[in-house]
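Just below is one structure, and these are the notes that go with it.
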Amino acid sequence: MKVSDAMTSQVSVARPSDTIRQVAQTMAKVESGVVPVVDDGKVVGMVTDRDIVLRVVAEGRSFDSPISEAMSEGEVLSVKEDDVLADATAKMANNQVRRLIVLNDAGDLTGILSLGDVAKDYGAKQVGKTLEEISQEGGEAAH
């Protein structure tokens, strides 16, 4: 099974200049806990509902600040839509993340693969194994 068989392809995105409030409203509207941040057609970051709680609410930042101040920094972990799903779940486990950005061969965003997507299409046993590995101590889960 390929990543494209399981991923969510309809993904709302934000621009780095969008406000935290706008992104939080988008999350609520589409019922998603994650929004990729895209600049000039390329993914430059991701923001999760957890990022907003830890980097905005807990630090007393303004909801009118740009989302770039709250998004996860560093490399955005990704997979290709033609990658094997088992390899993608291994990448989730090895990096202790629950979501991966999905790109096409040109590097354009085509979707998000979440643990929930894997559960629907791959089975509870694989999700349990991946979740156990994600939750191990010693890693810094980001997404």
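Position in the sequence shown (from 1) plus 167 gives the number in the numbering used here.
Don't be surprised by glycine CBs; every beta carbon is placed ideally from N, CA and C.
This one's a predicted model, so the numbers in the text were calculated from it and none came from an experiment.
Over what stretch of residues does the alpha helix (DSSP H) that includes S171 continue unbroken? Stepping through the sequence shown from its first residue, residue 171 is reached at position 4. First-last of the alpha helix (DSSP H) with S171: 170-173.
By Cβ distance below 7 Å, which residues in the same chain neighbour S184 in space, the five residues on each side in sequence not counted? Taking the first residue of the sequence shown as position 1, residue 184 is located at position 17. So the list reads P233, once near-sequence residues are dropped.
For G241 and D207, the rounded distance between their alpha carbons: Translated into the one-based positions of the sequence shown, residue 207 becomes position 40. Translated into the one-based positions of the sequence shown, residue 241 becomes position 74. When rounded, the distance between both Cα atoms is 18 Å.
What are the uninterrupted segments assigned as alpha helix (DSSP H) that are 4 or more residues long and contained completely in the region 181-206, given in chain order? 187-197
With 16 other Cβ atoms within 10 Å as the buried cut-off, status of A308: Sequence index remark: in the sequence shown, residue 308 carries index 141 (1-based). Low confidence applies here, because A308 scores a pLDDT of 47, under 50, leaving its location unreliable and the question unanswered by this model.
In the structure shown, what three-state DSSP assignment does R265 receive? Here the question's residue 265 lines up with position 98 in the sequence shown. Correct three-state label for R265: coil.
Please confirm whether L270 and L280 have their CB atoms less than 8 Å apart. The residue labelled residue 270 in the question sits at position 103 within the sequence shown. The residue labelled residue 280 in the question sits at position 113 within the sequence shown. Not a contact, by the Cβ cut-off of 8 Å.
Check V243 in the structure and name its three-state DSSP category. Numbered from its first residue, the sequence shown carries residue 243 at position 76. Of the three classes helix, strand and coil, the one that applies to V243 here is coil, per DSSP.
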